[in-house]
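Numbering (the UniProt record's numbering), first residue to last: 1 to 1018.
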């Protein structure tokens, strides 16, 4: 390998003379690499810093006989390079000189070696095809590259285009097709030992702009950094996928169309204005995938509008910094070690965004058509809904079972205490839960026990250690907050965001109180651990601090980033010091985090356990008793600290202690005879599995590998907003609408949306973050499978779906009926009650299968909303015969359609679609007042007024529920209400057609068109 220092180059040539086949074989796999005459010539043209060790050159073990390395830079505007390790011969220098005078051409990019998801194991280099120095290459496949004019051979600069830039172009901008193109504006770059190093950004040399996500964070950081920095918030995402169909294009290599929200435009313009007078831009968005995406979007948009190279002699320096806590020390330290954007995280963001879009924009329309009133479906959302609905199905099918236990009370001979035991063995066999299932059996066993004599047959004493809980990650914080504080997941994250961004402490500046709250990492910084260790020794004593500092590793498989666990930024900032500064709920959450952080570095709690077996003389009956006593509090001491307040350990963490019972059992000895005091038979019944709470659902999702820290809270909120799930107290109940959606998805998208496949996709997306899976290959494989499911589900009619839902939920829908034969309609006695899906977006109902002959609707079979029943009954209108047409003797009906009431002349002609019966919309609301004469008048329209003088086409007077109109071909003009339509002539009609109120009624809405440079292709 080599060591060198250089400035950024747009063209770099490497010449490696070597006669060894092993080196040739290695370099043969690289693009833009030519091997001739035992010489390896490698050309690189790039615009971003190179990590020459890990990204562009394989680790090569050169034969020890000869090591030559030379490097040249054919571009004359760059200075010569400072070699730290190079054994260059005269011949090599001659070759370099000769090579530098040649006009090299760019080789085309090498084709990928595989179409699968996994990247090839051989070294692979993806480089921009053209030099991007002082130019911006647009990668929209629908448009040509837009390159800044360069001087030609004559030295003159071509004239600039006269096309003016549309000021509204900011609303829809273009991203680059090659995501791996970061920025051509990262300067002050060093390459040392093959690793990229950026110069420290603090203290600043010039005026600097730092971009963060929230205004609160911006105000806090601004006070830390001073006037040389201008900290500007983006207020969240600055760009997102356009909210319309076709924003992700699978047939176009998964290109994406991005759109700038109107609310973000003013913030972007503020950043662009600030950049006009600075030399450095720092992207300091949140240290997660979403934060990396915001930084990438912003940088792409600044490139798009030339905000980084606007008539300057030198480009703006761009760098990315991350910090996990908003403190002055942490922020300044992050500025000392800036980096470039993480391309793997950006790829992971793009993959997730595209995947969620494809599912949402393909499954949701199916739901609208097949299950009216059901709004949306999603990749992770649907899996979470399935968990809740499957648990409800378990509860519905649960069969309660009876069982009995025998409790026996003894008196100790040496003390006055009582010993409480439970029957554990009978007839030399251990009892299980259902060994005694009837009261008769229980009475027989109790009678045997009461006639026997007992003594101590076994005594066991031991100690049990209980380790402290792990530090908080996002999921465990939401679980503990739900269990102990009864906070919803979304509310917990809202409070945590506030604590992270900082509060104004008395006599201090704005300070962040906790580290970043979206994390799945368990580790903590060494300095933080040492501070906690010292705090424990000082506050609780030497014995309570662990002898060896506990180091926690990632609990979640494929954790997306190396973030710290959630902890206070200063462990010495006690919760009591924040009383009056934080609101009540924020203080409770901070206390919860503070207690857990302290506990995780304390010694384990120790309990003494004593267990006693008491047997009959014949040893055929054995009873068991146990008790415990605290030996050493360990980490539980923090829960007894006044600072902990209402925070208590979880049930599985708390060590039960009964000192009186423990002392009685401890005084016993083997063979001690005991006096029987009482025998009691207790009846029990099994209970169905409990419904999920928000905390337990998050825990289950984490166990299954579904979702990630940033998705848990939004998932729960969406399920409730869509009326799929309802929270009653702390319990989540599935609405029947949600159960219908879950059934539909599990039936027609069984493989794609089941738990294991969703978890598999999460792992694959995490592999994209790690750089081991190619994101477009992953999307290609998923889309090929998913599209087939969409096509199959689209061919299903509502009647088929109704039968599937009735079959699955019949035991719930018709639970008061024994069988289908007893489900006769109480209204007509001829029909049978069936499950029906409404056509008006209200959900479902139970009705008679003889509809429209019978309009009975049941509201008592299941708890159907009364408004739904009323609306269904209102819509269940049977056609009404008004009379016969006196001239043709055809029947005239009053009917109701999806757009309201109308009258119809004659019967339906389903077999003759080209000649439908004549219809007229009804404008009156009181349908009972409609007579045959009124219907005849409605059907008499449209009336011909005459021919148009220009084209000879008919001009007619038409009537609708909105009033009268004059029509000529596609032109429609409303008749003013003060004009009697019966006296309108052809002249009046022509005047109305030429008025300003006339419109082209059948003209298609003009589609929005966009310039080619606005399309977004990735």
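In this text, a Cβ means the ideal position worked out from N, Cα and C, and glycines have one as well.
Remember, predicted model here, so these are calculated numbers, not experimental data.
Classify residue i as helix, strand or coil using the three-state DSSP reduction.
| i | result |
| --- | --- |
| residue 619 | coil |
| residue 499 | helix |
| residue 857 | strand |
| residue 272 | helix |
| residue 755 | helix |
| residue 286 | coil |
| residue 205 | coil |
| residue 644 | helix |
| residue 849 | coil |
| residue 377 | coil |
| residue 462 | strand |
| residue 530 | helix |
| residue 888 | coil |
| residue 611 | strand |
| residue 491 | helix |
| residue 218 | helix |
| residue 805 | helix |
| residue 510 | strand |
| residue 998 | coil |
| residue 200 | coil |
| residue 388 | helix |
| residue 634 | helix |
| residue 571 | coil |
To which residues of the same chain is residue i closer than 7 Å at the C-beta, ignoring the five residues directly before and after it?
| i | result |
| --- | --- |
| residue 599 | 468, 469, 635, 638 |
| residue 529 | 549, 601 |
| residue 368 | none |
Could you tell me the alpha carbon to alpha carbon distance between residue i and residue j, rounded to whole angstroms?
| i | j | result |
| --- | --- | --- |
| residue 1023 | residue 775 | The structure shown has nothing for residue 1023, since the chain only spans 1 to 1018. |
| residue 303 | residue 272 | 11 Å |
| residue 202 | residue 266 | 29 Å |
| residue 949 | residue 987 | 10 Å |
| residue 833 | residue 259 | 50 Å |
| residue 699 | residue 472 | 13 Å |
| residue 966 | residue 978 | 15 Å |
| residue 521 | residue 563 | 5 Å |
| residue 542 | residue 381 | 48 Å |
| residue 664 | residue 429 | 27 Å |
| residue 356 | residue 732 | 24 Å |
| residue 846 | residue 983 | 52 Å |
| residue 345 | residue 710 | 14 Å |
| residue 1000 | residue 953 | 16 Å |
| residue 538 | residue 772 | 47 Å |
| residue 903 | residue 892 | 7 Å |
| residue 495 | residue 513 | 11 Å |
| residue 466 | residue 424 | 26 Å |
Can you pull the DSSP bridge partners for residue i?
| i | result |
| --- | --- |
| residue 919 | 904 |
| residue 675 | 411 |
| residue 402 | 685 |
| residue 693 | 731 |
| residue 670 | For residue 670, which the question treats as bridged, DSSP gives no partner whatsoever. |
| residue 240 | 259 |
| residue 455 | 615, 673 |
| residue 249 | 255 |
| residue 897 | 900 |
| residue 947 | 954 |
Only counting the same chain, and skipping five residues up and downstream in sequence, which positions put a Cβ closer than 6 Å to that of residue i?
| i | result |
| --- | --- |
| residue 679 | 408, 446, 449, 450 |
| residue 844 | 837 |
Return the Cβ separation of residue i and residue j in integer angstroms, given the expectation that the two are a contact with Cβ distance under 8 Å.
| i | j | result |
| --- | --- | --- |
| residue 523 | residue 552 | 6 Å |
| residue 515 | residue 324 | 5 Å |
| residue 456 | residue 622 | About 11 Å; that fails the 8 Å criterion. |
| residue 320 | residue 289 | Actually they do not touch by this definition, with Cβ atoms about 14 Å apart. |
Counting only C-beta atoms, is residue i closer than 8 Å to chain D at any point?
| i | result |
| --- | --- |
| residue 504 | No chain D appears in the structure shown, which is made up of a single protein chain. |
Short of 8 Å in beta carbon distance, which residues of its chain neighbour residue i, apart from the five on each side in sequence? Order them along the chain.
| i | result |
| --- | --- |
| residue 998 | 971, 972, 973, 992 |
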